[in-house]
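Enquirer: Here it is, the structure in full.
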Amino acid sequence: MTTAIETSGLTVRFGNFTAVGDVSLTVAAGARHALIGPNGAGKTSLVHALTGAIPASSGTVRIGGEDVTHLSQAARVRHGLARTFQINQLFRGLTVLENVTLAIFERERKTRAFWRLAASDKAVIDEARSHLAFVHLDALAERPVHSLPYGAQRLIEIAIALATKPRVLVLDEPAAGVPAAQSEAIFERIHALPRDLTLLFVEHDMGLVFRFAERITVLVGGQIMTEGTPAEISADDRVRQVYLGRRGHHAAA
């Protein structure tokens, strides 16, 4: 098995509080891997530590076998790790196309030339439009982000992540805050992503998790309680007791 991303003994502490405790997680290349758990399980802290948004207190993070534990978030992006956020991080005053174009310029380390070259760089514009076409938003390319419904903004985030040319994409509640019909559209596009792109996603909607994940890790109290296929997880009495059974098939992040 080729490993896309893995942690070994990853721990995140905030003062005396341990948000993530000694987590060793392996996500295979090309996986569709979900991370679930009840409120306060440490999912977001784990994602932050994986992606470099916060430093690990101890343990290691590897991307494609390479130790990136001490690299910045931007450096991890350059190593092929992209993410979306629970609350989107878009430039709401820019157009849809400008948001994606800016991501490409950032990837090419040409952001200083963004305003001068963005409108005239055909290759960049064509690439940006191809990412928007993938998420079915090319027709809205010239619209300002703030004018679009929230579901469309979540799709823009995916287009921006694709613009970084990732090997691993971490999706932190990609359907958070959108109606069920829009959630379906978002996950349909996620499902259509190329198989050579590894997906690790946090999602509170268990219906979506069981439909789209091929492997699920259950986090409780900052530690991995169990991991398995959707069938194994849904049949696990411990999972039902601490998570699914208590909250039905929905739980908060």
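In the working numbering, the protein residues as written are 328 to 580.
Each residue gets a CB set at the ideal place from its N, CA and C atoms; glycine is no exception.
Give me the Cα-Cα distance between E530 and F539, rounded to the nearest whole angstrom.
Expert: One C-alpha to the other measures close to 11 Å.
Enquirer: Judging by CA-CA distance, which residue of P501, L362, V374 and S384 is the nearest neighbour of N343?
Expert: Closest option to N343, Cα to Cα, is S384.
Enquirer: Could you tell me the alpha carbon to alpha carbon distance between R419 and L526, rounded to whole angstroms?
Expert: One C-alpha to the other measures close to 26 Å.
Enquirer: Which term fits A409, buried or exposed, when burial requires 16 or more other beta carbons within 10 angstroms of its beta carbon?
Expert: Counting Cβ neighbours within 10 Å, A409 comes out buried, since at least 16 surround it.
Enquirer: With F461 as the anchor, note down where its alpha helix (DSSP H) starts and where it stops.
Expert: Unbroken alpha helix (DSSP H) run through F461: K449 to F461.
Enquirer: Name the DSSP beta bridge partners of F539, please?
Expert: DSSP, once it has assigned bridges, lists no residue as partnering F539.
Enquirer: Kindly indicate which three-state DSSP category T411 falls into: helix, strand or coil?
Expert: Looking at T411 - three-state DSSP - the assignment turns out to be strand.
Enquirer: Taking A402 as the reference, give the member of E425, K449, T378 and T411 with the closest Cα.
Expert: Measuring from the Cα of A402, the nearest candidate turns out to be T378.
Enquirer: Please work out which residues of its chain come closer than 6 Å, Cβ to Cβ, to D349, disregarding the five sequence neighbours upstream and downstream, and give them in chain order.
Expert: Correct list, in chain order: G336 and T338.
Enquirer: Beta carbon of R405, beta carbon of T396: below 9 Å?
Expert: Against a cut-off of 9 Å, the Cβ pair of T396 and R405 comes out as no contact.
Enquirer: Hey, how far is the Cα of I452 from the Cα of I560?
Expert: Roughly 44 Å between the two C-alpha positions.
Enquirer: Can you look up D394 in the DSSP assignment and give me helix, strand or coil?
Expert: Strand, per DSSP.
Enquirer: Taking one C-beta from the segment 350-367 and one from the segment 544-556 each time, how about it: are there three or more such pairs within less than 8 Å?
Expert: Touching, per the Cβ criterion.
Enquirer: Hey, could you find the ends of the beta strand (DSSP E) R359 is sitting in?
Expert: Here the beta strand (DSSP E) through R359 covers R359 to I363.
Enquirer: Between S457, E469, R436 and R359, which lies nearest to L424 when the distance is taken from Cα to Cα?
Expert: Out of S457, E469, R436 and R359, E469 has the C-alpha closest to the C-alpha of L424.
Enquirer: Short of 7 Å in beta carbon distance, which residues of its chain neighbour H576, apart from the five on each side in sequence? Order them along the chain.
Expert: Caution applies to H576, whose pLDDT of 42 falls short of 50 and renders its modelled position unreliable; the model cannot decide the point.
Enquirer: Would you call T329 buried or exposed, if buried means 16 or more other Cβ atoms sit within 10 Å of its Cβ?
Expert: That one is exposed.
Enquirer: Count the other C-beta atoms from every protein chain shown that fall within 10 angstroms of the C-beta of E515, then say buried if there are 16 or more, exposed otherwise.
Expert: E515 should be labelled exposed.
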